[in-house]
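Participant: This is the structure I want to talk about, given as structure tokens.
There are 2 protein chains.
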Amino acid sequence: MTQSPKAGKDPAGSAQGASVPLPAAAAGGPISHAIFRLARLHRMYAGQLLRRIGLHPGQELVMMHLWELGPRRQTDLVRLLDSDAATMTRTVQRLEQAGFVRRRPDPTDKRASLIEPTAASHALRREVEQSWSTLEDLVTSGLTPDERAEALHTLERLEHNLVEAAADSGCEGTEEPQSGGSARP
Amino acid sequence: MTQSPKAGKDPAGSAQGASVPLPAAAAGGPISHAIFRLARLHRMYAGQLLRRIGLHPGQELVMMHLWELGPRRQTDLVRLLDSDAATMTRTVQRLEQAGFVRRRPDPTDKRASLIEPTAASHALRREVEQSWSTLEDLVTSGLTPDERAEALHTLERLEHNLVEAAADSGCEGTEEPQSGGSARP
DNA sequence: AACAGATACCTGCTCGAACAGGTAAGTGCC
DNA sequence: GGCACTTACCTGTTCGAGCAGGTATCTGTT
Numbered sequence: 000m001t002q003s004p005k006a007g008k009d010p011a012g013s014a015q016g017a018s019v020p021l022p023a024a025a026a027g028g029p030i031s032h033a034i035f036r037l038a039r040l041h042r043m044y045a046g047q048l049l050r051r052i053g054l055h056p057g058q059e060l061v062m063m064h065l066w067e068l069g070p071r072r073q074t075d076l077v078r079l080l081d082s083d084a085a086t087m088t089r090t091v092q093r094l095e096q097a098g099f100v101r102r103r104p105d106p107t108d109k110r111a112s113l114i115e116p117t118a119a120s121h122a123l124r125r126e127v128e129q130s131w132s133t134l135e136d137l138v139t140s141g142l143t144p145d146e147r148a149e150a151l152h153t154l155e156r157l158e159h160n161l162v163e164a165a166a167d168s169g170c171e172g173t174e175e176p177q178s179g180g181s182a183r184p
Numbered sequence: 000m001t002q003s004p005k006a007g008k009d010p011a012g013s014a015q016g017a018s019v020p021l022p023a024a025a026a027g028g029p030i031s032h033a034i035f036r037l038a039r040l041h042r043m044y045a046g047q048l049l050r051r052i053g054l055h056p057g058q059e060l061v062m063m064h065l066w067e068l069g070p071r072r073q074t075d076l077v078r079l080l081d082s083d084a085a086t087m088t089r090t091v092q093r094l095e096q097a098g099f100v101r102r103r104p105d106p107t108d109k110r111a112s113l114i115e116p117t118a119a120s121h122a123l124r125r126e127v128e129q130s131w132s133t134l135e136d137l138v139t140s141g142l143t144p145d146e147r148a149e150a151l152h153t154l155e156r157l158e159h160n161l162v163e164a165a166a167d168s169g170c171e172g173t174e175e176p177q178s179g180g181s182a183r184p
């Protein structure tokens with residue numbers, strides 16, 4: 000774990016300054032900064048839980064979809080995860096190499112191949128789901144059901160704002176030109 | 000942008016199902032999943048804004064600290080960002096190579112070197128801060144000041160939960176043995 | 001002074017994420 | 001049939017993140 004050196008410290012901070020990395024950044028965007036920190040911690044925890052199982056962060060989502068929906072093509076997985084084709088190619092390759100996934104040629108499209116979970120992978124399913132629950136319990140500990148619902152609503156509202164912003168800007172985001180062409184050698 | 004193909008779709012969803020990638024994962028951890036999605040979008044936006052400036056996600060935090068605090072050693076930066084020494088080594092190398100940072104031997108410690116922002120980098124400062132503000136506006140658009148404060152509080156509470164969990168588990172997290180040693184070839 | 005241990009930094013590796021470019025296969029149109 | 005165009009997948013690259021290991025250098029103790 001990366002931030003070991005500070006664990007145990009700062010146990011009193013009710014909320015503010017849990018990690019203390021707030022420069023002017025915090026002033027310019029407290030919520031952005033909070034999202035950033037929360038995401039880092041959350042990701043780290045998820046990675047930690049998954050590593051015990053034998054999966055890397057990101058792979059578990061692929062597996063969950065495969066377990067739930069059965070064999071899919073890579074394109075389908077890309078759409079489901081809202082991911083990248085190139086990333087999916089390599090993720091599937093690694094999952095295949097690890098024995099959690101198998102490839103079979105698509106009978107109706109010679110370009111595509113069907114990705115299906117192996118028997119070995121099904122043994123992981125319960126553990127993965129349990130890890131999700133563990134993480135959920137960790138992150139929501141001390142929250143009443145009402146507070147959880149409200150937290151969820153807040154997160155979704157923030158997410159919705161970003162999704163809408165993407166749509167508004169024509170999803171190519173070359174708007175608001177103001178800072179000349181960056182100078183990257 | 001990765002998720003272009005879906006932009007413009009699902010414009011009515013008040014919150015739920017903005018991106019539709021919810022398998023059993025969502026059932027097992029709705030808040031975790033929401034954090035995950037929000038973080039992805041947020042990260043993507045930040046990356047997009049920073050790329051125009053000529054920085055990669057993560058580098059901007061280093062620069063902000065340097066701008067604000069002046070020359071620091073790498074270790075200091077690691078602590079400030081709660082990051083990794085190896086990551087910091089390479090990040091600084093790339094920032095140096097890009098001309099945003101300079102290295103100077105620490106007069107009092109031959110092991111260390113002081114990292115300081117270059118004159119060229121100061122031209123970016125305003126743009127970086129402006130990007131933070133832009134992102135903050137995006138993510139909090141439509142929220143009243145009260146709602147923003149509450150959202151911030153929620154995020155910090157979730158973060159605090161994770162920080163505390165790290166402290167509780169002794170920050171080395173080899174607790175709760177239950178799933179034998181992962182079978183990773 | 002000599003040693004052990006901590007510290008600061010570097011290098012090697014694997015992984016996901018994203019961008020750019022390339023190939024094979026499918027599809028529509030003339 | 002021949003053509004352009006799209007789609008599905010792969011490869012190469014850079015980058016952050018994390019783990020493991022190595023080398024200087026500092027520091028406290030004896």
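Here the protein sequences line up with chains B and Y, keeping their order.
Counting along the first sequence from 1, when you hit position 50 you're at 49 in numbering that gives the first Met the number 0, and nothing is skipped either side.
Counting along the second sequence from 1, when you hit position 46 you're at 45 in numbering that gives the first Met the number 0, and nothing is skipped either side.
Even for Gly, the Cβ is constructed at its ideal location relative to N, Cα and C.
Remember, it's a predicted structure, so these values are computed and weren't measured experimentally.
#1: So, helix, strand or coil for residue 110(B), using DSSP?
#2: Roughly how many angstroms lie between the CA atoms of residue 180(Y) and residue 51(B), to the nearest whole one?
#3: Roughly how many angstroms lie between the CA atoms of residue 53(Y) and residue 63(Y), to the nearest whole one?
#4: Does DSSP put residue 29(Y) in a helix, in a strand, or in coil?
#5: Just list the residues that DSSP pairs residue 78(B) with in beta bridges.
#6: Within 9 Å (strictly less), CB to CB, does residue 118(B) reach chain Y?
#7: Could you spell out the range, first to last residue, of the beta strand (DSSP E) harbouring residue 104(B)?
#8: Of all the CB atoms in chain Y, is at least one closer than 9 Å to the CB of residue 95(B)?
#9: So, using beta-carbon positions, are residue 137(B) and residue 100(B) closer together than 9 Å?
#10: Anything in chain B within Cβ reach of residue 29(Y), meaning under 7 Å, just list it in chain order.
#11: Using the three-state DSSP reduction, which class does residue 56(Y) fall into: helix, strand or coil?
#12: How would you write the range of the alpha helix (DSSP H) that residue 130(Y) sits in, first residue to last?
#13: Find the residues of chain B that neighbour residue 38(Y), judging by a C-beta separation of less than 9 Å, and give them in chain order.
#14: What does residue 139(B) reach in chain Y if we use C-beta pairs closer than 8 Å?
#15: Let me know the secondary structure DSSP gives residue 164(Y) once reduced to three states.
#16: Measuring straight from C-alpha to C-alpha, what distance separates residue 85(B) and residue 75(B)?
#17: Going by DSSP, what residue range makes up the alpha helix (DSSP H) through residue 90(B)?
#18: Applying the 10 Å Cβ sphere with the 16-neighbour rule, what's the burial state of residue 123(B)?
#19: Taking a contact to mean a Cβ-Cβ separation below 9 Å, would you say residue 139(Y) touches residue 48(Y) in this structure?
#20: Counting only Cβ pairs nearer than 7 Å, list the residues of chain B close to residue 134(Y).
#21: Answer with yes or no whether the minimum CB distance from residue 45(Y) to chain B is below 9 Å.
#22: At a Cβ threshold of 9 Å, is residue 115(B) touching chain Y?
#23: For residue 192(B), count neighbouring Cβ atoms within 10 angstroms of its own Cβ and tell me buried if that reaches 16, exposed if not.
#24: List the residues that DSSP assigns as beta-bridge partners of residue 72(B).
#25: So that I know if they touch, is there some Cβ in chain B lying closer than 9 Å to that of residue 178(Y)?
#26: Between the alpha carbons of residue 87(B) and residue 159(B), how many angstroms are there, rounded?
#27: Is the distance from the Cβ of residue 73(B) to the Cβ of residue 31(B) below 9 Å?
#28: Taking C-alpha atoms, which residue in 145(B), 33(B) and 118(B) lies nearest to residue 70(B)?
Facilitator: For this structure:
#1: Along the first sequence, read from residue 1 onward, the residue named residue 110(B) stands at position 111. Three-state result, residue 110(B): coil.
#2: For the purposes of this step, residue 180(Y) is identified with residue 181 of the second sequence, where counting begins at 1. For the purposes of this step, residue 51(B) is identified with residue 52 of the first sequence, where counting begins at 1. Note that residue 180(Y) scores a pLDDT of 33, beneath 50, so its modelled location is shaky; the value from the coordinates is reported in the next line. Residue 180(Y) and residue 51(B) have their C-alpha atoms some 7 Å from each other.
#3: Taking the first residue of the second sequence as position 1, residue 53(Y) is located at position 54. Taking the first residue of the second sequence as position 1, residue 63(Y) is located at position 64. Near 14 Å, if we compare the C-alpha coordinates of residue 63(Y) and residue 53(Y).
#4: Stepping through the second sequence from its first residue, residue 29(Y) is reached at position 30. Reduced to three states, the DSSP call for residue 29(Y) is helix.
#5: In the first sequence, counting from the first residue as 1, residue 78(B) sits at position 79. Its beta-bridge partners do not exist; DSSP assigns none.
#6: Counted from its first residue, the first sequence places residue 118(B) at position 119. Interface residue (Cβ-Cβ distance to chain Y less than 9 Å): residue 118(B) is not classified as such.
#7: Residue numbering aside, residue 104(B) sits at position 105 when the first sequence is read from its first letter. Start and end: 100-104.
#8: Residue mapping note: residue 95(B) aligns to position 96 of the first sequence, counting from 1. No, because no Cβ of chain Y sits closer than 9 Å to the Cβ of residue 95(B).
#9: By one-based count along the first sequence, residue 137(B) stands at place 138. By one-based count along the first sequence, residue 100(B) stands at place 101. Cβ atoms of residue 137(B) and residue 100(B): not closer than 9 Å.
#10: What you label residue 29(Y) is simply residue 30 of the second sequence in a count that begins at 1. Chain B residues near residue 29(Y): 151.
#11: Here the question's residue 56(Y) lines up with position 57 in the second sequence. Residue state, collapsed to three classes: coil.
#12: To locate residue 130(Y), count along the second sequence from 1; it is residue 131. Per DSSP, residue 130(Y) belongs to the alpha helix (DSSP H) from 118-138.
#13: Counting from 1 along the second sequence, the entry for residue 38(Y) is found at position 39. Correct list: 34, 35, 37, 38, 39, 41 and 42.
#14: The residue you call residue 139(B) lines up with position 140 of the first sequence. Residues of chain Y passing the Cβ test: 30, 157 and 160.
#15: The residue labelled residue 164(Y) in the question sits at position 165 within the second sequence. In this structure, residue 164(Y) counts as helix in the three-state DSSP scheme.
#16: Taking the first residue of the first sequence as position 1, residue 85(B) is located at position 86. Taking the first residue of the first sequence as position 1, residue 75(B) is located at position 76. Going from the Cα of residue 85(B) to the Cα of residue 75(B) covers about 13 Å.
#17: To locate residue 90(B), count along the first sequence from 1; it is residue 91. Taken as a continuous stretch (DSSP letters only), the alpha helix (DSSP H) holding residue 90(B) covers 84-96.
#18: For the purposes of this step, residue 123(B) is taken as the residue at position 124 of the first sequence. With 16 or more Cβ atoms within 10 Å of its Cβ, residue 123(B) is classed as buried.
#19: Against the second sequence, residue 139(Y) aligns to sequence position 140. Against the second sequence, residue 48(Y) aligns to sequence position 49. No, they are not a contact pair.
#20: Taking the first residue of the second sequence as 1, we reach residue 134(Y) at position 135. Using a Cβ-Cβ cut-off of 7 Å, residue 134(Y) is close to 28 and 31 of chain B, given in chain order.
#21: Against the second sequence, residue 45(Y) aligns to sequence position 46. Yes, because at least one Cβ of chain B sits closer than 9 Å to the Cβ of residue 45(Y).
#22: Here residue 115(B) is taken as the residue at index 116 of the first sequence, counted from 1. It does not; no Cβ of chain Y falls within 9 Å.
#23: In the structure as shown, chain B starts at 0 and stops at 184, and residue 192(B) therefore has no counterpart that could be examined.
#24: Residue 72(B) sits at position 73 when you count from the first residue of the first sequence. In DSSP, residue 72(B) forms a bridge with 113(B).
#25: Reading the second sequence from its first residue, position 179 is the one you call residue 178(Y). For residue 178(Y), the predicted structure reports a pLDDT of 35, less than 50, and the residue's modelled location is therefore unreliable. A value from the coordinates is still provided. Yes, residue 178(Y) lies at the interface with chain B (some Cβ there is under 9 Å from its Cβ).
#26: The residue labelled residue 87(B) in the question sits at position 88 within the first sequence. The residue labelled residue 159(B) in the question sits at position 160 within the first sequence. Cα-Cα distance, rounded: 25 Å.
#27: Against the first sequence, residue 73(B) aligns to sequence position 74. Against the first sequence, residue 31(B) aligns to sequence position 32. No; because the gap between Cβ atoms is not below 9 Å, this pair is not in contact.
#28: Indexing the first sequence from 1 puts residue 70(B) at position 71. 118(B) is the residue among 145(B), 33(B) and 118(B) whose C-alpha sits nearest the C-alpha of residue 70(B).
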